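When you read off a place in the sequence shown, starting at 1, and then add 107, the result is the number in our numbering.
Cβ atoms here follow ideal geometry from the backbone N, Cα and C, with glycine treated the same way.
For clarity, every value in this text was computed on a predicted model and none was experimentally measured.
Heads up: the structure comes next, in structure tokens.
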Amino acid sequence: MDLIMKTKLRRTLFSIVIFFIMLFNQANLFGQVNYVTGPTNAQINSMLQGTGLTISGGNLAAGNRNLQIASYTNGISAGLDAANGMYFSTGNAATDLSQRNQWPYTSNTPAGGVTYDDPDLTAINPNARFDALVYSFSVTLHPSTTALRIRYQFGSEEYPDWVGTPYDDTFGFFVSGPGIVGKFNMARLPNGNPTRINTVNSGVRGFQASAYLNPIFVPSPLDFSQAAIYINNGHTTAIDGQGLYLENTNPQPGPFPVFVEFNAITKLITYDLKNLTPGATYTFKIAIADASDEQRDCGVFIDEIKGVN
């Protein structure tokens, strides 16, 4: 082999090595979160606690701690908008966090078909009672704190097929205490609506909504105005003659910008609950459930709860 051929071969081999190094680094850059399932109350509280307040106590009224709750890190590398935090699921947290939307839908049933009615959650959506997870704790504001701030992302396998139907997965962050009449839900969108499948979506009804096009059967509320905070995580964008999405395909077309097993997820949403009493203690409850049946899981990522002025 002459010198020219040897030089070309070395260059080719070098190019191949560089290609695989770049491919490996890209895979790591957009890898899954690091997660730990089954955290204790103290571990949950520690991950949720931001500045300006103290979180204490803890009660898991419904749900399976080992299956449905996980702490996570490395969120940015997975495509999430928050690096670290807590994750609460109606399915299997390990499955949700370890797959890049591998399936058009997943249906884990940690409650085994048993329903749970949280009165605050069912006040938003009477059908939200399947695979429920309800965790509450105390939040004591620091002397200079007058508001609570929460940042979260909500994802679901109900997207996009079941938008515009009663299969309207729902969750809430319910706060009670001094200066609040009853309980206030902080899980709100920029327009003030509670966060659920039918209030934050791409702006297009899903394939399964064909049975609900008659105005008599249109779920309420049904809002298509929040598409700007909706991330399509690989599902179909093809639309039929009625203006509905075609049925989501297997495999899905992609791309898959977020390394989670959800067809879609919101961008990071921030909500402030203002005019609170400095130094006072409030009860904070996280509640999430599948709606109308236990199929097709959903979950919420929370980076922290923070006290602000």
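- Secondary structure remark: continuous alpha helix (DSSP H) runs of at least 4 residues inside the stretch 158-242, in chain order: 172-175, 200-205, 226-231.
- In chain order, Asp379, Lys413, Val415 place their CB closer than 6 Å to the CB of arginine 256, counting only its own chain and leaving out the 5 sequence neighbours on each side.
- Non-local C-beta neighbours of threonine 384 in its own chain, meaning closer than 6 Å and more than five positions away in sequence, comprise Pro285, Gly286, ordered along the chain.
- If you draw a 10 Å sphere on the C-beta of serine 251, you find fewer than 16 other C-beta atoms in it, and that means exposed.
- The beta carbon of alanine 316 lies closer than 7 Å to those of Val270, Gly271, Thr272, Leu351 in the same chain, with the five residues before and after it left out.
- In its chain, beyond the 5 residues on either side, Gly165 have a beta carbon closer than 6 Å to the beta carbon of asparagine 148.
- Closest in alpha carbon position to tyrosine 337, among Phe314, Pro267, Leu353, is Pro267.
- DSSP, reduced to helix, strand and coil, places serine 332 outside both helices and strands of the structure shown, so it counts as coil.
- In this structure, alanine 168 sits away from tyrosine 194, with a CB-CB distance that is not shorter than 8 Å.
- Considering only Asn199, Thr158, Gly198, Asp227, the residue with the shortest C-alpha distance to threonine 247 is Thr158.
- With fewer than 16 other Cβ atoms inside 10 Å of its own Cβ, glycine 219 counts as exposed.
- According to the DSSP assignment, leucine 155 belongs to the alpha helix (DSSP H) that extends over 148-155.
- In its chain, beyond the 5 residues on either side, Arg256, Ile257, Arg258 have a beta carbon closer than 8 Å to the beta carbon of threonine 377.
- Glycine 406 sits away from glycine 186, with the two beta carbons spaced by 8 Å or more.
- Cβ-Cβ separation between tyrosine 179 and valine 221: approximately 27 Å, too far for a contact (criterion under 8 Å).
- When the alpha-carbon of aspartate 404 is set against those of Ser184, Gly182, Asn208, Tyr142, the nearest one is in Asn208.
- CA-to-CA, the gap between threonine 144 and glycine 182 works out to about 15 Å.
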